[in-house]
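According to full-length UniProt numbering, the residues represented by the sequence shown are 1 to 473, in order.
Where is the CB? At the ideal position from N, CA and C, for every residue including glycine.
Notes follow once the structure below has been shown.
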Amino acid sequence: MGMLIVAAQAAQKPNVIFILMDDMGYSDVGCYGATKVKTPNIDRMAAEGIRFTDFHTGASICSPSRAAFLTGAYPQRCGLYMGINQNREAHWFLGLNPDEITLAEQFKAQGYTTAMVGKWHLGKEEEFSCFHQGFDHYYGAPDNMGHNSAFYDGKEVVYEHTPLEQMTTLYTERMVKHIGAFKDRPFFIYFAHNYPHTPYKAGARFKGSSKDGVRGDVIQEADWGIGEILKALEANGILENTLVIFSSDNGPTNNKYAQPYSGTKYVSMEGGHRVPFILYWKGTVQPVVSDVPVVAMDLFPTLSELIGAPMPTDRKYDGVTLVPLFSGGSIARSPDEPFYYYNCENLQCVRVGDWKLHLPRTQAQLPFWSMKKQKDIATPQLYNLKTDVAEQIDVAAQHPERVSEMMALAESARTKLGEVGQRGAEQRATGTLFPEVPIVGNHVLYWDKLSDKEKGRAKTEFTALKTKRKKSK
Numbered sequence: 001m002g003m004l005i006v007a008a009q010a011a012q013k014p015n016v017i018f019i020l021m022d023d024m025g026y027s028d029v030g031c032y033g034a035t036k037v038k039t040p041n042i043d044r045m046a047a048e049g050i051r052f053t054d055f056h057t058g059a060s061i062c063s064p065s066r067a068a069f070l071t072g073a074y075p076q077r078c079g080l081y082m083g084i085n086q087n088r089e090a091h092w093f094l095g096l097n098p099d100e101i102t103l104a105e106q107f108k109a110q111g112y113t114t115a116m117v118g119k120w121h122l123g124k125e126e127e128f129s130c131f132h133q134g135f136d137h138y139y140g141a142p143d144n145m146g147h148n149s150a151f152y153d154g155k156e157v158v159y160e161h162t163p164l165e166q167m168t169t170l171y172t173e174r175m176v177k178h179i180g181a182f183k184d185r186p187f188f189i190y191f192a193h194n195y196p197h198t199p200y201k202a203g204a205r206f207k208g209s210s211k212d213g214v215r216g217d218v219i220q221e222a223d224w225g226i227g228e229i230l231k232a233l234e235a236n237g238i239l240e241n242t243l244v245i246f247s248s249d250n251g252p253t254n255n256k257y258a259q260p261y262s263g264t265k266y267v268s269m270e271g272g273h274r275v276p277f278i279l280y281w282k283g284t285v286q287p288v289v290s291d292v293p294v295v296a297m298d299l300f301p302t303l304s305e306l307i308g309a310p311m312p313t314d315r316k317y318d319g320v321t322l323v324p325l326f327s328g329g330s331i332a333r334s335p336d337e338p339f340y341y342y343n344c345e346n347l348q349c350v351r352v353g354d355w356k357l358h359l360p361r362t363q364a365q366l367p368f369w370s371m372k373k374q375k376d377i378a379t380p381q382l383y384n385l386k387t388d389v390a391e392q393i394d395v396a397a398q399h400p401e402r403v404s405e406m407m408a409l410a411e412s413a414r415t416k417l418g419e420v421g422q423r424g425a426e427q428r429a430t431g432t433l434f435p436e437v438p439i440v441g442n443h444v445l446y447w448d449k450l451s452d453k454e455k456g457r458a459k460t461e462f463t464a465l466k467t468k469r470k471k472s473k
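Set out below in structure tokens:
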């Protein structure tokens with residue numbers, strides 16, 4: 001049946017809008033359990049589409065998660081497994097490798113118009129911009145610096161400081177404008193909203209509109225914007241030829257928005273990885289609540305199949321197509337296929353079916369963003385997610401054989417995808433402006449782990465490189 005859907009849509013070439021929220025937790029919207037905010041438009045998509053209850057991002061932090069969505073590969077495989085932070089001297093020259101093939105490039109090769117609205121966050125330097133990764137148009141605040149970020153229309157700065165109160169309105173107006181302009185040709189729009197990541201400010205109409213403070217207000221305003229997008233699709237006669245995807249890059253910073261799961265953004269508990277995921281396509285996708293485990297890396301093969309784009313054969317991928325689920329079918333993923341929870345370089349968990357194993361680790365292995373949020377684990381911890389979604393009851397002692405099997409899977413993953421200080425055989429190169437500058441352990445330079453002397457030397461080197469770069473332009 002999935003092939004019939006693809007064949008039926010081939011002549012029309014369906015449009016695709018991918019809406020990605022920032023730091024939105026599993027229980028942040030009504031259809032996933034929120035009670036203090038109202039999200040009628042997101043809830044409508046969930047009621048009329050597929051609402052997934054077991055969807056996982058590729059990482060519990062921004063940049064790696066976005067890389068996984070766009071490339072169909074674990075962040076460790078595609079080379080962008082660090083959280084790009086423009087405040088850190090160690091990060092400014094890194095980004096998604098331009099050799100990576102993104103979803104936008106897949107669409108463009110099939111004759112689609114491609115646009116991005118919102119937060120890019122896969123490298124700030126021009127060489128890593130979305131224009132080098134298949135996008136024709138760009139509008140938004142490209143990084144995570146909030147009000148201090150410049151706001152762009154194409155390559156032109158239109159606001160030196162991002163107008164936080166107007167952000168959702170600006171994004172919504174541009175999305176509606178794109179839909180009207182592109183309605184007569186197939187299009188792919190990646191809309192990566194900056195909210196509810198901090199800092200946030202609600203527009204005047206939405207201040208005090210929720211029962212959950214400013215954070216709730218900006219979520220309700222974002223839902224309004226999504227409603228305007230759906231109205232624009234309907235008004236232009238293309239709603240039934242447009243797949244709308246809704247998700248988040250990772251979990252929230254406060255666990256109360258990730259219920260019933262434990263953990264938050266930055267960690268490998270379910271609350272950091274498990275987020276809303278909705279596929280809405282009026283008249284094509286059968287409404288259902290699905291408990292099928294799916295991952296961010298599935299988006300690339302799904303959309304590639306949908307638009308008739310062949311999967312590149314010169315690299316490995318980590319997802320499967322979800323098209324069969326559109327009509328009630330099954331996906332081609334074995335129930336025994338493991339899912340790996342990496343935190344930057346550190347492999348922290350392995351999941352097989354309902355079983356999730358937390359691996360031993362120390363503070364020394366953690367990236368800077370997790371050091372205050374995760375504790376050392378001396379021995380493996382095993383949880384059954386079917387009976388213990390909050391990961392509170394360690395049953396490792398009762399299942400030693402399963403622990404051994406999953407530890408072996410972890411060791412196999414490390415040989416392919418790496419570990420702290422260990423390069424994996426299947427890892428692709430990180431994008432860098434200066435290949436001659438070593439990325440410690442072949443991976444990211446952890447600024448917090450350097451001595452004062454090392455920091456001083458690194459700053460001197462980086463300053464010299466920046467100066468050299470400016471002179472060469």
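- Going by DSSP, which residues form a beta bridge with W355? The residue you call residue 355 lines up with position 355 of the sequence shown. Paired residues: V352, N384.
- Please state if the CB of S268 and the CB of S344 are separated by a distance shorter than 8 Å. As a position in the sequence shown, residue 344 is number 344, starting the count at 1. As a position in the sequence shown, residue 268 is number 268, starting the count at 1. Rather than Ser, the amino acid found at residue 344 in this sequence is Cys. Not closer than 8 Å, so no.
- Just how far apart, CA to CA, sit V440 and Q374? In the sequence shown, residue 440 corresponds to position 440, counting from 1. In the sequence shown, residue 374 corresponds to position 374, counting from 1. No answer about V440 holds up, because its pLDDT of 45 lies below 50 and its placement is not dependable.
- In chain order, each beta strand (DSSP E) run of at least 3 residues that lies wholly inside the region 240-300: Correct list: 242-248, 277-280, 288-290.
- Query: Candidates E405, L94, A115, D298: which alpha carbon is nearest P324's?
  - Reply: Counting from one through the sequence shown, the residue named residue 324 turns up at place 324. Among E405, L94, A115, D298, the Cα nearest to that of P324 belongs to D298.
- Message: Measuring only the C-alpha atoms, how far is L347 from Y74?
- Response: Along the sequence shown, one-based indexing puts residue 347 at 347. Along the sequence shown, one-based indexing puts residue 74 at 74. The straight-line gap from Cα to Cα measures roughly 12 Å.
- Task: Indicate whether G25 and A258 have their beta-carbon atoms separated by less than 8 Å.
- Result: Looking up residue 25 in the sequence shown gives position 25. Looking up residue 258 in the sequence shown gives position 258. In terms of Cβ geometry, G25 and A258 form a close pair [threshold 8 Å].
- Which residue's Cα is closest to the Cα of P64: A296, F187, I42? Counting from one through the sequence shown, the residue named residue 64 turns up at place 64. Ranked by Cα distance from P64, the first of A296, F187, I42 is A296.
- Message: I'd like to check one pair, Y342 with Q76: are the Cβ atoms closer than 8 Å?
- Response: As a first step, residue 76 must be located in the sequence shown, where it is residue number 76. As a first step, residue 342 must be located in the sequence shown, where it is residue number 342. If you check the CB distance, Q76 and Y342 come in under 8 Å.
- Cα separation between A67 and W120? As a first step, residue 67 must be located in the sequence shown, where it is residue number 67. As a first step, residue 120 must be located in the sequence shown, where it is residue number 120. Rounded to whole angstroms, A67 to W120 spans 10 Å at the Cα level.
- Task: Kindly indicate which three-state DSSP category D217 falls into: helix, strand or coil?
- Result: Taking the first residue of the sequence shown as 1, we reach residue 217 at position 217. Helix at D217.
- Task: Measure the C-alpha to C-alpha separation of A204 and H178 and round it to an integer number of angstroms.
- Result: Within the sequence shown, the letter at position 204 stands for residue 204. Within the sequence shown, the letter at position 178 stands for residue 178. H178 has its alpha-carbon roughly 25 Å from the corresponding atom of A204.
- Message: Looking at G118: is its Cβ nearer than 8 Å to the Cβ of A192?
- Response: As a first step, residue 118 is located in the sequence shown; it is residue number 118 there, counting from the start. As a first step, residue 192 is located in the sequence shown; it is residue number 192 there, counting from the start. Contact: yes.
- Message: Spatial neighbours of Q286 within its chain, please: C-beta separation below 8 Å, excluding the five flanking residues on both sides.
- Response: Along the sequence shown, read from residue 1 onward, the residue named residue 286 stands at position 286. Hits under 8 Å: I50, F326, S327, G328.
- Item | Entirely enclosed alpha helix (DSSP H) segments - the region 130-201, minimum 4 residues | Runs found: 167-182.
- List the DSSP bridge partners of F52. Here residue 52 refers to the residue found at position 52 of the sequence shown. Under DSSP, F52 shares a beta bridge with F277, S290.
- Cα-Cα separation between G336 and W369, rounded to whole angstroms: Here residue 336 corresponds to residue number 336 of the sequence shown, with the count starting at 1. Here residue 369 corresponds to residue number 369 of the sequence shown, with the count starting at 1. Note that residue 336 corresponds to Asp in the displayed sequence, not to Gly. Approximately 31 Å, taken between the alpha carbons.
- Excluding sequence positions up to five away, which residues of its chain have a Cβ less than 6 Å from the Cβ of I19? In the sequence shown, the residue the question calls residue 19 occupies position 19. Here the set comprises F191, F246.
- How big is the Cα-Cα spacing for D153 and G140? Taking the first residue of the sequence shown as position 1, residue 153 is located at position 153. Taking the first residue of the sequence shown as position 1, residue 140 is located at position 140. Cα to Cα, D153 sits roughly 7 Å from G140.
- Query: To the nearest whole angstrom, what separates the beta carbons of T460 and L94, a pair I think is in contact under 8 Å?
  - Reply: The residue given as residue 460 occupies position 460 in the sequence shown. The residue given as residue 94 occupies position 94 in the sequence shown. About 19 Å separates the beta carbon of T460 from that of L94, a gap too long to meet the 8 Å contact definition.
- Query: Are the C-beta atoms of F55 and some chain D residue less than 8 Å apart?
  - Reply: Within the model displayed, chain D is absent; a lone protein chain is all it includes.
- Task: Please classify H161: is it buried, with 16 or more other beta-carbons within 10 angstroms of its beta-carbon, or exposed?
- Result: For the purposes of this step, residue 161 is taken as the residue at position 161 of the sequence shown. Around the beta carbon of H161, fewer than 16 other beta carbons sit within 10 angstroms, so the residue counts as exposed.
- What residue from E270, F182, W355 has the CA that sits closest to S27's CA? Mapped onto the sequence shown, residue 27 falls at position 27. When only C-alpha atoms are compared, the closest one is E270.
- Query: Hey, E221 and G283: beta-carbon distance below 8 Å or not?
  - Reply: In the sequence shown, the residue the question calls residue 221 occupies position 221. In the sequence shown, the residue the question calls residue 283 occupies position 283. Not closer than 8 Å, so no.
- Query: To the nearest angstrom, how far is it from the Cα of T415 to the Cα of A408?
  - Reply: As a working note, residue 415 is residue 415 in the sequence shown. As a working note, residue 408 is residue 408 in the sequence shown. In this model, T415 and A408 are separated by some 11 Å (Cα to Cα).
- Item | Buried or exposed by the 16-neighbour rule on C-beta atoms within 10 Å, applied to R361 | As a working note, residue 361 is residue 361 in the sequence shown. Buried, because 16 or more other Cβ atoms sit within 10 Å of the Cβ of R361.
- Starting from the Cα of P276, find the closest Cα among I42, P163, V16 and give me that residue. Looking up residue 276 in the sequence shown gives position 276. With respect to the C-alpha of P276, the residue from I42, P163, V16 having the closest C-alpha is I42.
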